[in-house]
Each structure stands twice: as C-alpha cells, then as structure tokens.
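Reviewing the structure listed below.
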Amino acid sequence: MHILTDSASDITLEEAKLLKIDIVPLTTTFGDEVLPQESHEDFDKFFKRLMESDTLPVTSQPSPAAYLEYYNKYDEDILVITLSTGLSGTYNSANLAKDTSGKDNIWIVDSKTAILGQRILVEHAVKLRDEGKSVQEIAEKLESIKDRVLTFGALDTLKYLKMGGRIPTTLATVGEFLRIKPTIVLQDGELKELGLSRGRKKAVEMLQHQIDKYGIDTDYPIYFGYTLDRENGAEFMEETEMKYNINDAKMVPVGGIIGTHVGPNCLAFAFVIKDK
Numbered sequence: 004m005h006i007l008t009d010s011a012s013d014i015t016l017e018e019a020k021l022l023k024i025d026i027v028p029l030t031t032t033f034g035d036e037v038l039p040q041e042s043h044e045d046f047d048k049f050f051k052r053l054m055e056s057d058t059l060p061v062t063s064q065p066s067p068a069a070y071l072e073y074y075n076k077y078d079e080d081i082l083v084i085t086l087s088t089g090l091s092g093t094y095n096s097a098n099l100a101k102d103t104s105g106k107d108n109i110w111i112v113d114s115k116t117a118i119l120g121q122r123i124l125v126e127h128a129v130k131l132r133d134e135g136k137s138v139q140e141i142a143e144k145l146e147s148i149k150d151r152v153l154t155f156g157a158l159d160t161l162k163y164l165k166m167g168g169r170i171p172t173t174l175a176t177v178g179e180f181l182r183i184k185p186t187i188v189l190q191d192g193e194l195k196e197l198g199l200s201r202g203r204k205k206a207v208e209m210l211q212h213q214i215d216k217y218g219i220d221t222d223y224p225i226y227f228g229y230t231l232d233r234e235n236g237a238e239f240m241e242e243t244e245m246k247y248n249i250n251d252a253k254m255v256p257v258g259g260i261i262g263t264h265v266g267p268n269c270l271a272f273a274f275v276i277k278d279k
C-alpha cells in the first residue's frame, strides 16, 4: 500500500522519503512569488518574508489533477490523509481525483486537523503499515482516533489575525499594547479561540492546562512545534516535559501553510487525548 498526505502536515520531503510516503503540496504565494514549503529552511524563509510583508500570502489547495497523478502512478492500495475540510478544500480535490481515476482501492481520510496533529495521524498510519495492517484497517483506525487529536497554539502577536480580517484593528492595537497573547485550538476540524493571556508565561500556562483538562493518551506521540524561533520552542517543550514528566516527545518547526494565520514566534503542541 502507499500513503499520501499534503504539505499542511509540515512533513518535509526529506522526512517523507524516510517514511516512504508522498507529499501533495499546497502552494503559498506572495504576489507572483511562490514560496516552496519543502524543508525546514523553506519554513524559516517563509516567516522572514512574512515579517517583511504588509499583506498575507495566498494559500491554494492541491488540484484534483495533482492527486490523480499519484493515483495513476501506483497500482497498490492508496491511503490519503488530508488537511481538515474545515480549513481547505484539499479533501474534495482528493475525492474528485478518485472519482476520475475509477479506482476502488483508494481510501481518503479527512484528518480534521493540520500541522502537528496531522503529522501524528500520518506517522501512526506509517507505523500500522509497517506492522502489516491493511489499508482498510489503517483508515478505520485513523477515523476512530482523529477526533481525539488536538493541536494547541499560543500566538506571539495579534498582527496576523488583524491582517487576515479575523479581529478589528482597534482590538489588535490595544492587545499589542497590553501584550495580549491569543491561544487557539484546532478541534473538530476548525481553528477556535481558546483564550487570551497577558504575556508569554500566562499563555504557556494556558496551553499546559489543556494536559490537566484532557489527559494524554501515551500510546501515541506528543509533538511540540514552533514558528521560526527554535529556542523559544525548545524552552516551552522542556518546561512542559519537566512539569508533566513527559518522555519521548518530539519537536518540529511549523511551516507557512497554517503559519500564515499565526505568524512567527508561535508555540504549539499536539497530542491524542485520553479516550473517555
């Protein structure tokens, strides 16, 4: 079987080769300039470009033709894990391509998440593939756990929410003056506001409180993430690991597909919550 996901997972091309999967890219464009999101270096370049820009880039979903190319390439069963339908039409492109292909050995899973959460599902699918599970078994397993995958983030600034028209300019100006740090959660397929905190310390406490609230299912990996500032991300990870006695967590940078909306110096983490 073969596994496909998209670049909203922030899995780089190098990582994809190691996992033996393929990445279908979304595109991020500043005017006429397309910025690739294929490596950690690309992620850094993106955020530096974003900081210099007065407007947000445009992110475009993959076309059905992009998926059809992969469907025609492989004869074996194919599992597709897409960015949430609540954030993009990527899932629809994958399904349209399946209809066009006429194949019945393609399983498509709407991850209902992105970035770190999507990565958790993809890596779990790879683990099950390597254990010899069938594509149907893997798809059914992902469907059964995806609603328990939560991704949380703390933004460093309100600037990019204002630029995206998500909050009024006046609120952004006042919030910047008061050092307000918005916290968000990617849940039920959508980005939602978790709360507002004054300063980094309170924002980190807000994120960490989610562990107390939900509990971590340790059968699955825990991921910490950051945009641009690796040192900031490592400090957050170390603080949280020590506070909650977390072992074997991993840290990766977040790229520009979702990073467009949160900006640089964002902190994030994702885990599978305990099954009630």
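Just so we're aligned: 262 in the working numbering is position 259 of the sequence shown, and the numbers increase by one with no gaps anywhere.
All C-beta atoms, glycine included, are put in the ideal place defined by N, C-alpha and C.
Identify which residue in Leu82, Phe272 and Leu153 has its Cα closest to the Cα of Asn108.
-> Nearest C-alpha to Asn108: Leu82.
Simplified DSSP assignment, three categories, for Pro267 | Three-state result, Pro267: coil.
Option in Asp45, Thr8, Pro65 and Glu196 with minimal Cα separation from Ala117 = Thr8
Whole-Å CB distance - Leu231 paired with Phe50, under 8 Å assumed | 4 Å
Output the distance between the C-alpha atoms of Gln190 and Pro267, rounded to the nearest integer angstrom.
-> One C-alpha to the other measures close to 22 Å.
Enclosing beta strand (DSSP E) for Gly192 [first to last residue] | First-last for Gly192: undefined, no H or E at that position.
Do three or more CB pairs link the region 211 to 225 to the region 237 to 249 at distances below 8 Å?
-> Three or more beta-carbon pairs drawn from the region 211 to 225 and the region 237 to 249 are found closer than 8 Å, and the two stretches are therefore classed as touching.
Leu71 to Glu242, Cα distance in whole Å?
-> Each residue's CA atom was taken as its position, placing Leu71 and Glu242 some 44 Å apart.
Could you tell me which uninterrupted alpha helix (DSSP H) segments, each at least 4 residues in length, are contained entirely in the region 193 to 239, listed from first to last along the chain?
-> DSSP assignment within the region 193 to 239 yields the following whole alpha helix (DSSP H) runs of 4 residues or more, N-terminal first: 203 to 217.
Backbone secondary structure at Val3 - three-state DSSP = The displayed coordinates of the chain run from 4 to 279. Any statement about residue 3 would go beyond what the structure contains.
Do Gly156 and Lys184 come within 8 Å of each other at the CB atom, strictly closer than that value?
-> no
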